[in-house]
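Each remark here refers to the structure printed beneath this line.
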Amino acid sequence: MERLLVLGAGAAQLGLLEAARARGLFVIAVDRDPAAPGFAYADRRAIVPVDDEPALERLAEAERIDGVIAPGADQPVGAAARIAARLGIPHPLAPETAVLSTSKLRQRERLADAGVPQTGWRVISTPDEVVGVPCLVRPPDRQGRRARAVVRSSKELRSAVKAALRGSRMGLCLVEELAEAPVVSVNAFSRDGVFHPLTVTDRAPLADVWESEHARAAAALAREAAGALGIHDGPTVTRIRIDQDGPKVLELSARLGGGHDAELCHAALGIDLDGLALSAALGEPVSDRRLRTRRRVGAACVRFLAGDGEPGGLEDAAAIRGVGWVSAYRGSDRAGAVLATGSTREEALERATRAAECIRFRAADAQVV
């Protein structure tokens, strides 16, 4: 039985963990949270932060793993690639390529060198430097939301830059422009240097539906970005802003998306993106058949749930026509999700909304003292 180390067991890793368990792999899952929902699919769990690379490597050696994967979050992507390289096991990313995925400054520099269109950015080292607002500020050498802030007025700028500088090991702040324009994500899989775009999604219902030619242009730009970063194998998710003068890269992550993107891909196209990612992590060949569209629906969407307490109404939600699945779990800012499909975007959204409205969260009964 092949042994797979999965870095992360939160809501963003649930689909991959479930797929690994269904495939019959021996799954070792790692997370700092003892109550992480993904541990339910693990044969063995380890309460270890995913940024503790020495501890992760000791665990990988002790478990004699055949592969390691970091789905749904940028932070452990580099550690997974380096651990695989040191242990001599397969991995879709070389360590130097993984760095370009996780260091947003290095990534932007590489994209600039390659002439890939991207949104405006600059690096500053003091809070006194003049930058325009609105903008996003963050440490260029930290992943996640640590010291990251959206700044919409000049009054907020100085304190946000100071926080980013304090959070940076390099003493630098990355400032990225913000603009009111549609943002889409291109989920793709690369095999032997060939980029296969799969889905183009938006993160929220937009006031105006973007045109299909924008989807094609976004997919072409994602291909260009992956090539510039040297990505030859494995999944990628590229966030792209659709400006009036054309699409521009916001960021590329060399991993599965964290918003049930793989499940959306399977619902819309019949392509098992979780399974493809598992094969890449284990060094298995991927056939043409597995990258071929098996079904096509008009639209698919995921609606996230928020609430505290015990969920009810899940069966009623799942019974609604077009609802693919309903999942309740405890994430950092989510309590579950609903996936729905439809012949049109509007129909998929309407079905997901109706399903979400069926679900109620019951708080614990008050104790009389």
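In this text, residue positions in the sequence shown follow the numbering used here: the first is 26, and each later residue adds one. Note that CB positions come from ideal geometry on N, CA and C, so glycine has one too.
Exercise for the section: Count the other CB atoms, across all protein chains shown, that sit within 10 Å of the CB of Q269; report buried if there are 16 or more and exposed otherwise. Expected result: exposed
Handout entry: Whether L42 touches V31 by CB criterion (8 Å)
Key = yes
Exercise for the section: In angstroms with no decimal places, state the Cα-to-Cα distance between L223 and R315. Expected result: Cα to Cα, L223 sits roughly 12 Å from R315.
Practice task
Return the Cβ separation of R194 and D166 in integer angstroms, given the expectation that the two are a contact with Cβ distance under 8 Å.
Solution key: 5 Å
Practice task
Let me know if V219 comes out buried or exposed under the rule of 16 or more other beta-carbons within 10 Å of its beta-carbon.
Solution key: exposed
Exercise for the section: Can you check the stretch 122 to 200 for any alpha helix (DSSP H) of at least 4 residues that lies completely inside it and give the ranges in chain order? Expected result: Note on the stretch 122 to 200: whole alpha helix (DSSP H) runs with a minimum of 4 residues are 129 to 139 and 179 to 192, in chain order.
Handout entry: Near the ligand PLP: C198 beta-carbon under 7 Å from a heavy atom
Key = In terms of ligand content, the structure shown is empty, and the ligand PLP therefore cannot be addressed.
Practice task
Going by DSSP, name the residue or residues bridged to L374.
Solution key: Beta-bridge pairing links L374 to no other residue.
Problem - Alpha carbon of A188 to alpha carbon of A105, nearest angstrom - result: 28 Å
Handout entry: Sequence-distant residues of its chain with Cβ nearer than 6 Å to D299 (five each side left out)
Key = G40, L41, A44 and A287
Exercise for the section: Tell me whether E249 sits in a helix, a strand or coil according to DSSP, three-state version. Expected result: If DSSP states are grouped into helix, strand and coil, E249 belongs with the helices.
Handout entry: Proximity of A293 and A325 at Cβ, strictly below 8 Å
Key = When the beta-carbon positions are compared, A293 and A325 come within less than 8 Å of each other.
Exercise for the section: Could you tell me which residues DSSP pairs with V311 in its beta bridges? Expected result: Per DSSP, none; premise fails for V311.
Exercise for the section: Take the Cβ of T151 as the centre, count every other Cβ of all protein chains shown within 10 Å, and call the residue buried at 16 or more, exposed below. Expected result: exposed
Exercise for the section: Classify G49 as helix, strand or coil using the three-state DSSP reduction. Expected result: coil
Handout entry: Length-filtered (4 minimum) alpha helix (DSSP H) runs lying within the stretch 280 to 335
Key = 286 to 294 and 298 to 307
Practice task
Kindly list the residues whose CB is nearer than 7 Å to the CB of R320, restricted to its own chain and excluding five residues on each side of it in sequence; keep chain order.
Solution key: Within the same chain, R320 has close Cβ partners L294 and G295.
Problem - DSSP three-state assignment for F220, whether helix, strand or coil - result: strand
Problem - V394 - DSSP class collapsed to helix/strand/coil - result: Note that V394 scores 39 on pLDDT, short of 50, meaning its location in the model is unreliable; the coordinates nonetheless yield the value given after this. Coil at V394, not helix or strand.
Problem - C-beta atoms of L289 and T226 nearer than 8 Å - result: yes
Handout entry: Rounded separation between H285 and Q38 - CA only
Key = 9 Å
Problem - Reduced DSSP category for L118 - H, G, I as helix; E, B as strand; rest coil - result: coil
Problem - Per DSSP, the bridge partner or partners of G259 - result: S215
Problem - Contact the stretch 73 to 83 vs the stretch 101 to 115: 3+ CB pairs below 8 Å - result: yes
Exercise for the section: Hey, could you find the ends of the alpha helix (DSSP H) A343 is sitting in? Expected result: L339 to A343
Handout entry: Contact set for R317: own chain, Cβ-Cβ below 8 Å, skip 5 residues either direction
Key = I296
Exercise for the section: Entirely within the stretch 37 to 95 and at least 4 residues each: give me those alpha helix (DSSP H) ranges in chain order. Expected result: For the stretch 37 to 95, whole alpha helix (DSSP H) runs of length 4 or above, ordered along the chain, are 39 to 48 and 78 to 88.
Practice task
Please classify R346: does DSSP put it in a helix, a strand, or coil?
Solution key: coil
Exercise for the section: Rounded to whole angstroms, what's the CA-CA distance from L19 to V73? Just pull it up for me. Expected result: The displayed coordinates of the chain run from 26 to 394. Any statement about residue 19 would go beyond what the structure contains.
Handout entry: Beta carbon of A343 nearer than 8 Å to that of V351
Key = yes
Practice task
Mind reading off the beta-carbon distance from V93 to A85? Whole number of angstroms is fine, and I expect it under 8 Å.
Solution key: 6 Å
Handout entry: Range covered by the alpha helix (DSSP H) that runs through G103
Key = V102 to L112
Practice task
Spatial neighbours of I345 within its chain, please: CB distance less than 8 Å, with the 5 preceding and 5 following residues excluded, ordered by chain position.
Solution key: A365, R376, R379, A380 and C383
Practice task
Drop a sphere of 10 angstroms on the beta-carbon of V155, count the other beta-carbons inside from all chains shown, and report buried for 16 or more, exposed for fewer.
Solution key: The residue in question, V155, is exposed, as its Cβ has fewer than 16 Cβ neighbours within 10 Å.
Problem - Beta-bridge pairing of E382 - partner residues as DSSP gives them - result: According to DSSP, E382 bridges with nothing at all.
Handout entry: Span of the beta strand (DSSP E) around P272
Key = G271 to S278
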